[in-house]
Each structure stands twice: as structure tokens, then as C-alpha cells.
Amino acid sequence: MRILSSFSLLLLLPAVGLAQANAIVPDPDPEIERKSFIVAPGFEVSLFAADPLLAKPLQINFDPAGRLWVSSSEVYPQIKPGDKANDKILILEDTDGDGKADKTTIFADGLLIPTGVEPGDGGAYVANSTELVHLSASKPGQKADRTRVLLSGFGTEDTHHIVHTFRWGPDQSLYFNQSIYIHSHLETPHGVKRLNGGGVWRFRPETTELEVFVRGFVNTWGHHFDKYGQSFMTDGAYGEGVNHGVPGAYYVTAVGATRLLNGMNPGSPKHCGLEVLSGRHLPDDWQGNVITHDFRGHRVCRFVLRDAASSYESREMTEVIKTNHPAFRPIDVKMGPDGAIYVADWYNPIIQHGEVDFRDPRRDHTHGRIWRITAKDRPLVAKPKLVDASVAELLEQLKAPEGWTREKAKRVLKERGKDAVLPELAKWVAALPPDAEHARLEAAWVRQSFADVDMDTLSPLLAAKEPHVRAAAVRMLSDSFMGLNKPGEWTKALQDEHPQVRMEAVRAVAAWKTPEALELALGVLKLPMDPVLDYALWLTVRDLEPYWLTAFKDGTLSLGGDARAIAFALNAVGTKDVAQPLLKLAKDANIPAERRKALWLMLAKVGGPNEVGDILGNGFTGADGPTKLELLQNLEANVRRPSFGKAPALDTKTLTELSQENDTPQAQAALRLLGLLKQDAARATLEQQAVADKRPAADRAAALEGLVHLGGPKSRQFFDLQAAKEQPILTRRLAVQALTMLDLTAAAATAGDVLSASDAKDDLGGFFDSFLLRKGGPAALAKGLTGKTIPADVAKVGLRAIRSSSQNVPDLVAALTKAGNLAAAKKEPTADEVKAYVADVLKTGDATRGEAVFRRKEMQCLACHGIAGVGGQVGPDMTSIGASAQPDYLVESLLIPNKAIKEGYHAIEVNTLSGKVVSGIKLRETKTELALRNAEDKEVSISTDDIDTKKQTRSLMPDGLVDTLTRQELVDLVRFLSELGKVGPYAPNPARLVRRWQYLDPTGPATNVFRRERVTAAVEKPSQFTWVSAYTRVSGDLPTADVPSFVVWNGSDPLTVVRFELKASVEGAAALKWNSVEGLSVYVGEKSVEAKPETAIDVKTGTTVITVVVDRSKRKSELRCELVDVPNSPARVAVVGGK
């Protein structure tokens, strides 16, 4: 286990007691706040409403009359015991049309944290804790005095995760969200409906039908539809920007998911609220844009959406508003009846929820604002008159360019009733010109709201010229379950020329629950695929599994013998039931090699003892190194499952050959597998490798583990021999490590002597882990250290290992402290000491020096935390931490890291039936697997049938991580962190900068390869080299001093080789913009291109590697590269981030 260094996992642990004790509580004057805004060119901001007209807005929605309804809560985040709930629903009106609210009506009070409101049906739909209620007034214009509970049973585990974000969809269903900590189980007239964790619900009030629209997300407080009915969502607690909502899809954190759909802006700050812009008041280049909020960073953000195959590309633009005002917290946004943009400002200097004391006096409970954003020198839109309009007039409004007008007109039409609307609608549609496709779509949505869609309505839309109209028609057909019981006109959509239409059709066909539906869906494989279409097909294949898998296994479903289709379907299902069909296909020489590779990989995951021989005999034939490793990893994980069974005697030639490789993960996996598969004939090989002095310790440890799994008296005798005192210390240490898996007591009895003879420079992490990661291991080791003396530095290594394991083992801590004769641990700082640190941060802290501390290799900060989407993922991305947290919070998180733990970052400790202890942050859990992210930022999967117990434990962030820093270094580090996300040099940058580079590790073997084959071998044969990630500064600059150089021949110029990746969903031309091309040689794939300040490149769909050879004798400046568009190019390209 890697010992986590200073500041790793900072954000996991907020520290409650003193958190934000020095929080700035600004003057609440709205004009002071407004003057702090930096507004996008051509726009201006005015105050629409503020306290005392309203307080603490949570959601806003307009009604068709142009009145703004506000759900507000002054008791959030938790009501005081004994207090009476009195949160409100308010109605704000601008009666004189001057752009500022002048009337407030309290529509309802006595509510408890109402997190959603949507006016409709003579009142308003309100999220009231565990209920969805409809409130109305018996007398028009009066306070609500009638309450209908429509749904009850929503979870209430966390007040900012309860159901929220109400929106009428184009079909007049009510869509609303819930978040990760909520578990809802609802009795409805149509059966029990469940959603564990996050997701979006869809509700039809007139029928009380309720269904899950999508699953997942952490805390999604934004959802809206574009003019064609496509959904877009944001997540207030996860950093992937704008998400495209595919019906039935699973997103991050979705319970039971084995594959997820990702957001469109990886590494983006967390966003809250979402609106799709439209209308004559806004500039042409703002039409269809998305507005959302980086509420931590005090920003109102704009994203441009562009078609990208079956989905979209999302590109962040210059902020609409940005400020360093500490209380500006935009959380919701809506277009208004006048074409302006309205932003709900929750207004609070403190936003942390469970991390900060609920009763902290600095929490603001009384203020709030609604800001109005308008374009300069552009006329506003006249507020449409909808409420008293005739049906014919309302239908004409469906042609309006403003989405607000069309949405509210559909709402009024819905409330007028079917009998009044449909006859007029039929006449209106009949009079439309042939090219009025969008108006016909709006009319179809009106029909859908009355459950009156038929093929006469949909046929013209399915044949429309505009592909997005065709896609919307397919969605509508699916929602109405019409015509899906047999092939028909609609099935043409599965072969439509536009991928989004095919994607919608693939999801629609899932409603036709027959084997024939699968055959139709798989037909899309004959046309170009893209990641979202591939996901949609995968999801549909799994949805249809109960209806086709049995038929396929018994031979009544052949899928036309289409090998690609069969392979896709079996891969998607991925269960042991398909092992034999998979094997048959994998051995079929008529199937393309790439497809058979995927089959072998899947078979290694799900095959049983009877398939192992074929996997070893055929699956590795012709495979490259990465594929062999993946096969071995899949097979090892599979064999380790308690339910796997016993393999027969096998031909172990493949594993034996792989085991001879030196210091490779393939060799180590092969050595373990020889034992896991109980191949006693391989015992001699394992024993030879275990004692081979010239083999690296990792290879020898793998061989010893293989012997553990092989078991039997011979293995035990071998370990006793190798652990004896006359053996070299490395041999003894490795033997004791392995012995912990066979006889923990015997291993512990020898451990003290081994540690006494060890040196802290030795790699002792694995030794301590072998006890820490075994059930009862810490207690056994503590007993084994009784009366022993070990080097002080060795004891320190052990204590660091304990911290990194997140285990609470005081007896072992005491034993190591005593055996190493160590001083007691440092005391926690007092409140006065924390205040003194904060004062120094504000007075002498230097962010530039602090960033240098943060980037130190030995600190390993970026190993656990990312900034702008690059770096580790054990802890949250820190792009906006300075804008959301006060300096004292940051100081405490470093000095007292486990005093409090941020929600979602408690580690889970799992004890397995095989005796292991595994800790990590939960990534996902299905019926068969629990996946954790451990302290080394690696994903660890545990078979559910191997879990004995699991419990929530402390965070993965160890104590004492900044003990090696000087006071000034710590002060500088906190100053750097406190600047992240604020307006200035550390603000989020929407430019598509390359932030994660990889440098070629210039080891001796690498130099020898270059001497034989030239430096271009790094481009032509990259897999034979080791590539190490290097991250830029926040500015996007990569210091050349951070990457190593090498010389091929003595006296030749020093070189550095670096690379990065681009990912394209649509191919085409793009360009790379460099800060300087001095000393650069650039390769796109294997092709050399001329390095220019803007280097033109052609990218193909998929991943493209850009390799740069840097002549260090010529280049002295830092390296910076930005991906930019080429005018009129169709390319949709992104820079790949991550770790």
C-alpha cells in the first residue's frame, strides 16, 4: 500500500468544530453584491427581488401569467427541535412592468424545507419533505387551504437530497429529482415504485403513474429539455458539467449499475440548476445554450451544445456572471416571460451542509435575491397573454421562438381540457404548411399530454426532414407504447441516417418485450456506432435479457448468425449462463479477430472451470501485452470467487511462459493463477521463482502467494524454511507476508524478529499490509511485538501504514510506539492556534509558493485530488475549493483531518470470508459485486458472496500528513487552496487546455531502444516504454523542469518525450495552439506534422495520441497546449484528462 502523503484526501475531512469560524459575513446590501459582479460583455444585471420580499429561495418557476413562484426555507438545513415548521411558497409579481418585483403573496406556509415548486392545475405542486403534494386555494388569490397528498414515501435521510427540481416536461409529465442519500419506496395505485439513491422521476398527475426516468448522480439540482425534448442535467456534487439524459440510463453512483453514462464536461466544477436559452431578446449565438451555476465558485456559467453523433458536445464559454462576493450562491435559473434570464441567489457565506455545524451563527437564514440578466441594446419580449387566450390563440403561440411561451401555452392548453382543445388542434395542424415540422411536434406533445397520440399524428414526424424531430417522434412513440408490439413504420428509425434517431429507436424497442425486439435493436450495429449509441444498445440488450436469453440458449433464437450481433449481446449480458455460447463464438475463425478478443476477455470474466483450459490454450494466442494482462486480471478475479469451483488439471504452458517475464504485472498474475487454479504440477516452478534472488520482490511475492493458494503441507513446510533466521532478510520478510494467509499466529510470532532486522529503507509497506489487511492481523502483530525492539524508523513506517489503512487499531499503534521507542503523537491544535494560522495565511501566505508545495512529488497531493479534471479521484476535485471554503476550514482539514468526514467519503471496511480486510470509498454495488476505490486510487472489486461483514469507518486520509512542512510552507499551501476557484489566476478556465501529459520514463532500456531504432520508436512502438503522468499548473503550463530529459548518445542534445490524448466523437479538422513551438517535434499518431503556433491536425473518431519530442537545448520555456476549433469543421474533439 502506498503511504498517503501530505494533503492527500484533503476534502474528505471538513473539521466541524472550528470550521469557518473566520467566515466573512458580508454587508447584505444587494447593491454592494451587484457591483461586485463581472458580467459577460453585452449584458447587464439588475435586482428583480430581494429580502424582505423573499428569503432563501430554493427553486423558482414561472406560471403562465408571468408570476414567479418561489419555494423558500429559512430553517434549512435542519429545523431546531421544538420549533414549528413555517417555510413558505411565495408568488412574486412585477405589476408595473419595470423589471422589478413589487408584490409578494404568501401562497402557503407551515411547510418543512419545500425543495420544489411548480405551478399548475389551479395551484402548485410542492415537494414537502417526504411527500409530493398539490396545494390550492378555495378562493382565488388567497392562501392555499387545500392539500392533496399525491405521493408519499420519499426518503428523507438528508435534507438537501430530498425530492426537488420540479419541471413540466414537453409531454406535461412532472419531472423531479432525488439525490444519492435518499431511498424511496412508494405505494402507488400502479404498484410499489422504488429508487435507491439518485435519479429523476417522471409523474403523470392525472393518472398517478410514476416511473424512474434515469438513475444515478450525486445531487442533481438541474434538469430541462431543449426544443426537441432532449433532456439535460447538472449535478451539484459531481464534476462532469452538463449531462445528456438518455431514458433509462444509469449515471454516476447509480445503484446496481455495471456500466455508466458519463457527463459531457469531465473535470468541470459542480453545477446547480439548468436552463436552456431561447428567444428574440438573446443574441443568435446564445440560442440553445445552457445556463447553470458553479455556486461554490460564485459563477453563472454558459455552455454551448452542439450535435455530436447520437449525443452532444458541451463547451463552456465565458461566464455570464462571476464574482468573489462570498455570499453569492446562484442555485436556480429560469427564462422569464420577457425573454430575460432570472437567477435565484440563495445568498450565504456558508454552504457546507453536514460538514459545518447546523447551528453555526454565520449561516444566513433571512436573505435571498432574484437577479435579472438582460442583453444590452436588445428589446425585451412583450409578455404573452396566455391565461385568458382562446384555444386558437394558444395554438398560435406554439410557433413562438421563445421556449418559455411554448412551454406555458402547452400548460394552459393541458388545463383547458381534452374536449376543448383537440378539435381545434386538429384544424390547426391541418392548416400548417408542410415545412412546419416543429409546430407539428409541439402539437403532438399537446396530444400526448391528453394520452391521445396515434400514428396519424406521428407518421409525418417520423418522416420529417429535421432529424431531431424524428428522434422526438420516436421518443413519443415509446412513451405512448404505441405500435411497439410489432414491426412497422417506426422500425425504419433503427436504420435512420442520423445516429440520434437510431439511439432513440434503440431505447424505444426495449418496450417491445420479445426476442424479435433484440434482433431489431442489434441491427444498428450495421451502421456507424458512437459511445452513447453503444451504451443505449447495451442497455436495451440488458433490458430485454429475460425475453431473449433463454431462446438463444435453447437454439430458437439465432440472431441470423450475425457474429457481431451475437458477440455484442452476450458481452452485454456477461453472466455465467452465456459461457458456452461465448466459447463457441470465441473459437469461430470466421469472426474478426478484434471481436473474438472481446469475447475471450468476457469469457475470462464469466467462464467456469470447464472453460479455463480453452482460455489458456486459445485466448492468449496472438494477443498483445495489454490484452494478455486484461485476460489474466479478468481470469484471476473470476477464479477468486468462492463460487468458481475447482478447475481440472490444465496445460499450464501459457501461464508458465508468462511467469518467466521479469517484473511485469502479467508475470505476477500468472504466478498467482498457477496456485489459484490448484495446479500442483506447477509447485516446482512456484518454489523456484519464490527463492530466485535475481527476481524482483514483487515477482517473488506473487510466487509465494501462488504457493499459499496451492496449499497443503508442502506449502507450509516451504514457508517455515524460508522464514528461518538463517535466510536473507528479504526472503524472510516475503515468507512471513505470505504466511499471514496460511497461519496468522505463526507469521506474527516471527514478525518481530523480521522487523528488528529490517531497515526503513526497505519496502516494508507490503509487510505491514499483510497483517493490516487480514482479519485479526493487527491484534496478532501487536502480540508478536511484545518484548521486541525494532528500529524507530521501521516503527514509523508501520504507523504510517496504519494511518493509510483507515483502521482504528490502538493496540497495534501502542505496540509499534513502544517497540520503536517513539514519542507520543502530536496533540491537536487549539482553537487559538488555528486562528493564528489563519491570520498568517491572510497576512503572509503566498499562493504561488503554495502551488509549488502542492505539486511536490513527495507530497502526492495530485495522486488523490484532481484540479480541473486531472489527478487522483480518491478525494473530490478541488477546482473551486477556495471559493467554497474558508481558510480556517482548510487549516483544520490539514491539521485535524479525521475530526469530521465529508459526506460520501467515509470509507467502508469489508471483512471477507477468505480473511481479507479491504477499505475504500464505495464506487458502486450490484447483486454480485462491491467496487471500492482504495487509498492508492485503485478500484478494488469484491464478490458479494465473499463478504462476511462491512461497516462504515473513518476517512482514507491519514493523520499527520503535514508534519514535515514548515509553518510557512503550510501557510502558503493553505493560501493556494483558498485561492482556487476565485476570480483571478486560479479561477476555472473554460479553454480546452492539455492538463494531463505523460512523459516517457528515460530508463536505461529506453535509451538502448532509441539507439537501435531512433527516438521515433516512442511514436511507432509506444507500448514498449513506461509512460508517467505529469500535470500542469492551474494556469495550464507544464514546467519543463517537472519532466525528465535524456541523451541518446554522449554529447547529443538532451530530449524529453511527452504525449497527450484527444478523443473525438465526430472526426474532422482541429488545431493545437502552443505557447511556443521552439524545440518541438509533433506527431499525430505515427505521422509527423509541422509544428506551428496553431498546428492543424486531422482527428478520427476515437482516441488520437499526440506525441511531442522536446529538444531541451532549444526550449527553455514551459509547455502549454490548447485544443481549438477550425472554422466550419464538423469535428467534435475533447482533451482527455484523468489520472
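Counting in full-length UniProt numbering, the sequence shown runs from 1 upward without gaps.
Glycine included, every Cβ here is placed at the ideal spot set by N, Cα and C.
Asked: Helix, strand or coil at Tyr175 according to DSSP, with G and I counted as helix; Found: strand
Asked: Local conformation of Asp1125 per DSSP, three classes; Found: strand
Asked: Beta-carbon proximity of Arg954 to Leu1038, cut-off 8 Å; Found: no
Asked: For Trp512, the three-state DSSP class (helix, strand or coil); Found: coil
Asked: For Ala124 and Glu131, the rounded distance between their alpha carbons; Found: 13 Å
Asked: Limits of the unbroken alpha helix (DSSP H) element including Thr104; Found: Taken as a continuous stretch (DSSP letters only), Thr104 belongs to no alpha helix (DSSP H), being part of the beta strand (DSSP E) at Lys103 to Leu111.
Asked: Rounded straight-line distance, which links the Cα of Glu1013 to that of Val1084; Found: 19 Å
Asked: Under the three-state DSSP convention, the category residue 1188 falls into; Found: Here the chain covers residues 1 to 1139 and nothing more, so residue 1188 does not appear.
Asked: Unbroken stretches of the alpha helix (DSSP H), 4 residues or longer, contained in the stretch 1082-1133; Found: none
Asked: Sub-8 Å separation of Leu461 and Ala473 beta-carbons; Found: yes
Asked: Where the beta strand (DSSP E) containing Glu44 begins and where it ends; Found: Phe43 to Ala50
Asked: Ala795 - DSSP class collapsed to helix/strand/coil; Found: helix
Asked: Assumed close pair Gly263, Gly241 - CB separation to whole angstroms, cut-off 8 Å; Found: 5 Å
Asked: Candidates His293, Arg700, Asp530 and Asp96, of which the one nearest Gln688 by Cα; Found: Arg700
Asked: CA-to-CA distance, Val1028 to Asn22, given in whole angstroms; Found: Because Asn22 sits at a pLDDT of 47, beneath the cut-off of 50, its placement in the model cannot be relied upon, and the following sentence gives the value as read from the coordinates. Whole-angstrom Cα-Cα distance: 41 Å.
Asked: The beta strand (DSSP E) enclosing Ile729, as first and last residue numbers; Found: First-last for Ile729: Ile729 to Leu739, but that is the alpha helix (DSSP H), not the beta strand (DSSP E).
Asked: Helix, strand or coil at Asn22 according to DSSP, with G and I counted as helix; Found: Only weak support is given to the placement of Asn22: the predicted model assigns it a pLDDT of 47, under 50, and the value that follows is read from those uncertain coordinates. In the structure shown, Asn22 sits in coil (DSSP, three-state: anything other than H, G, I, E or B).
Asked: Gly99 and Arg378 closer than 8 Å at C-beta; Found: no
Asked: Cβ neighbour criterion (16 or more within 10 Å) applied to Val870; Found: buried
Asked: Cα-Cα separation between Pro1044 and Gly1137, rounded to whole angstroms; Found: 21 Å
Asked: Same chain, Cβ closer than 7 Å to Glu466, five either side skipped, listed in chain order; Found: Glu437
Asked: Cut-off 6 Å between Cβ atoms - residues of its own chain near Asp496, not counting five sequence neighbours on either side; Found: Arg502
Asked: Other residues of its chain near Asn1075: CB distance less than 6 Å, five sequence neighbours each side excluded; Found: Arg1120
Asked: Nearest-angstrom beta carbon gap, Ala782 and Asp753 [assumed within contact, 8 Å]; Found: Their Cβ separation, rounded to whole angstroms, is 15 Å, which puts Asp753 and Ala782 out of contact at 8 Å.
Asked: Where Pro1130 falls, given that 16 or more other Cβ within 10 Å makes a residue buried; Found: exposed
Asked: Alpha-carbon to alpha-carbon, Ala751 and Pro791; Found: 13 Å
Asked: Asp759 classed as buried or exposed, judged by whether at least 16 other C-beta atoms fall within 10 angstroms; Found: exposed
Asked: Collapsed DSSP secondary structure at Gly1137 in the structure displayed; Found: coil
Asked: According to DSSP, residues forming a beta bridge with Met233; Found: His223 and Asn243
Asked: Per DSSP, the bridge partner or partners of Trp997; Found: Ala1030
Asked: Proximity test, Gly216 beta-carbon vs the ligand MG heavy atom, cut-off 7 Å; Found: As far as ligands go, the structure on display features none, and thus does not contain the ligand MG.
Asked: Ala1070, DSSP secondary structure in three states; Found: strand
Asked: Endpoints, the beta strand (DSSP E) within which Ser919 is located; Found: Val917 to Glu925
Asked: Span of the alpha helix (DSSP H) around Trp201; Found: Not the alpha helix (DSSP H): Trp201 falls in the beta strand (DSSP E), residues Gly199 to Arg204.
Asked: Per DSSP, the bridge partner or partners of Trp168; Found: Leu174
Asked: Pro528 burial status per 10 Å Cβ neighbour count (16 or more: buried); Found: exposed
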